[in-house]
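Numbering (this note's numbering), first residue to last: 221 to 637. Where is the CB? At the ideal position from N, CA and C, for every residue including glycine. Accompanying notes for the structure given below.
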RNA sequence: CGGGGAGUAGCGCAGUUUGGUUUAGCGCGCGUGGUUUGGGACCACGAGGUCAUGGGUUCGAGUCCCAUCUCCCCGACCA
């Protein structure tokens with residue numbers, strides 16, 4: 221992609237009201253724009269980041285044996301009334317009527333919908349176990365949306381649901397999802413902790429939260445320095461249950477929350493199956509939420525410096541940015557040559573704008589592309605070009621004809637693509 | 001919803017206290033021309049505003065009063 225053809229509206233100044241690094245940098249870097257409070261447009265860069273995250277999630281979910289589907293965002297209120305959660309969820313759910321007066325809502329979550337699907341389509345233990353997931357927009361009329369993508373009224377969630385014959389099966393599905401979550405967050409370059417949590421509105425028994433450690437996080441994790449025990453602040457504990465020391469508090473962003481629902485929904489909604497003995501039983505369910513758009517913020521909170529974002533390579537909207545410091549002549553020709561020789565292997569951004577060098581450096585650092593290739597007449601006189609690794613600031617000068625092999629090894633140094 | 005802050009050009013802001021040199025400014029950005037080109041350059045000219053909206057007070061309102069809308073912060077909620 222050539223910068224002059226791209227839509228990357230960067231800003232010099234911190235947007236009014238942006239309180240966190242992630243919010244400010246997402247707006248400044250041209251990743252998102254606010255429409256109304258808690259509702260954001262994903263610009264091309266933001267959309268690419270989101271897609272990269274989703275790709276990782278899909279790969280790991282699919283590898284775990286889960287299957288992707290897409291449930292509807294538009295839902296009948298009836299299902300919520302039947303499950304008893306219509307009142308419980310209160311004003312968080314957007315409700316309205318269609319032209320026929322049918323009461324609808326925009327899905328804040330999908331337990332009722334998936335349970336209804338299971339009720340109508342799962343009949344036998346032979347169909348179990350089963351894990352289904354989707355990546356979809358959720359709508360919640362938040363009391364107070366804030367911090368950009370961290371708490372918004374329209375956000376993207378990956379939600380998965382497991383169906384098993386019995387408790388042992390649920391425990392296995394739960395364990396599998398828990399491990400899958402850990403793998404996903406590791407690949408996303410996140411520093412996180414798994415904590416015991418309160419299931420709250422979801423109901424059921426055991427529940428765990430995945431918390432990305434970040435000062436900007438709205439959640440508090442309580443943890444024990446000596447034995448590493450950690451627990452959500454939603455769970456009432458005053459001392460470590462293992463070694464009875466007092467617990468430290470750290471701020472964190474809740475990026476995932478998994479639940480052993482048991483029969484909470486299948487019982488009420490009568491989603492039954494026949495077991496091997498021919499007896500009718502409610503499906504044993506688990507559900508597994510992951511805040512996909514929130515993960516973008518979490519990654520930035522953990523990966524930024526005073527110059528901007530530092531994307532993990534797999535997430536970065538482009539893997540390499542090429543910076544010809546002149547727009548014409550040999551500098552640009554060499555840059556174009558490098559672009560053409562690398563474009564098959566890497567997603568490239570070529571900043572061929574007619575701008576002052578400083579502007580290109582600042583923007584490249586701001587949008588956080590992991591590797592910069594800088595081409596200047598100064599170095600070109602010795603047939604050399606320069607690489608700058610965004611995360612470390614390390615600069616490598618190399619012969620311009622060695623570019624292909626050096627780039628490949630340098631990118632390997634930086635991390636998985 | 002309760003408490004606090006704010007709304008003036010695309011972005012960031014000053015001006016409002018004490019109404020009248022304000023035909024409303026500054027920085028950045030934007031357009032044209034020129035000089036520049038390794039860390040957000042410089043010169044010249046230029047475009048861009050219902051001062052959030054609606055009422056009111058006044059000879060006169062960005063500035064005072066009332067109402068409404070919107071955004072941000074603290075609290076309850078959550079991926």
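Buried/exposed call for residue i, threshold 16 Cβ in 10 Å
| i | result |
| --- | --- |
| residue 227 | exposed |
| residue 590 | buried |
| residue 469 | exposed |
| residue 410 | buried |
| residue 415 | buried |
| residue 580 | buried |
| residue 576 | exposed |
| residue 622 | exposed |
| residue 491 | buried |
| residue 244 | buried |
Residue i and residue j closer than 8 Å at C-beta
| i | j | result |
| --- | --- | --- |
| residue 421 | residue 308 | yes |
| residue 200 | residue 496 | For the chain, the structure presents residues 221 to 637; residue 200 sits outside this window and is missing. |
| residue 567 | residue 636 | no |
| residue 507 | residue 481 | yes |
| residue 417 | residue 397 | no |
| residue 408 | residue 529 | no |
| residue 375 | residue 348 | no |
Assigned secondary structure, residue i (DSSP; H/G/I helix, E/B strand, else coil)
| i | result |
| --- | --- |
| residue 330 | coil |
| residue 538 | coil |
| residue 317 | strand |
| residue 614 | coil |
| residue 295 | strand |
| residue 290 | coil |
| residue 384 | strand |
| residue 399 | helix |
| residue 625 | helix |
| residue 239 | coil |
| residue 323 | strand |
| residue 353 | strand |
| residue 415 | strand |
| residue 422 | helix |
Residue i - partner residues in DSSP beta bridges
| i | result |
| --- | --- |
| residue 525 | 528 |
| residue 476 | 430 and 510 |
| residue 254 | 260 |
| residue 443 | 450 and 468 |
| residue 374 | 359 |
| residue 594 | 543 and 606 |
| residue 307 | DSSP lists no partner for residue 307. |
| residue 312 | Paired residue(s): none; residue 312 is not in a bridge. |
| residue 482 | 505 |
| residue 393 | Answer is none; residue 393 lacks a bridge partner. |
| residue 459 | 466 |
Nonlocal neighbours in the same chain, by C-beta distance under 6 Å from residue i, ignoring five residues either side
| i | result |
| --- | --- |
| residue 595 | 544, 551, 554, 555 and 605 |
| residue 477 | 429 and 509 |
| residue 435 | 471 |
| residue 587 | 249 |
Other residues of its chain near residue i: CB distance less than 8 Å, five sequence neighbours each side excluded
| i | result |
| --- | --- |
| residue 483 | 502, 503, 504 and 505 |
| residue 252 | 246, 260, 261, 262, 263, 266, 368 and 369 |
| residue 664 | An answer regarding residue 664 cannot be provided, because it is not within the stretch 221 to 637 covered by the chain. |
| residue 387 | 482 and 504 |
Distance cut-off 7 Å: residue i Cβ against heavy atoms of the ligand MG
| i | result |
| --- | --- |
| residue 454 | The ligand content of the structure shown is nil, which means the ligand MG is not present either. |
Close beta carbons around residue i, own chain, < 7 Å, minus the five adjacent residues each side
| i | result |
| --- | --- |
| residue 314 | 325, 326, 359 and 361 |
| residue 400 | 280, 281 and 284 |
| residue 316 | 324 |
| residue 650 | With the chain represented from 221 up to 637, any question about residue 650 goes unanswered, as that position is not in the structure. |
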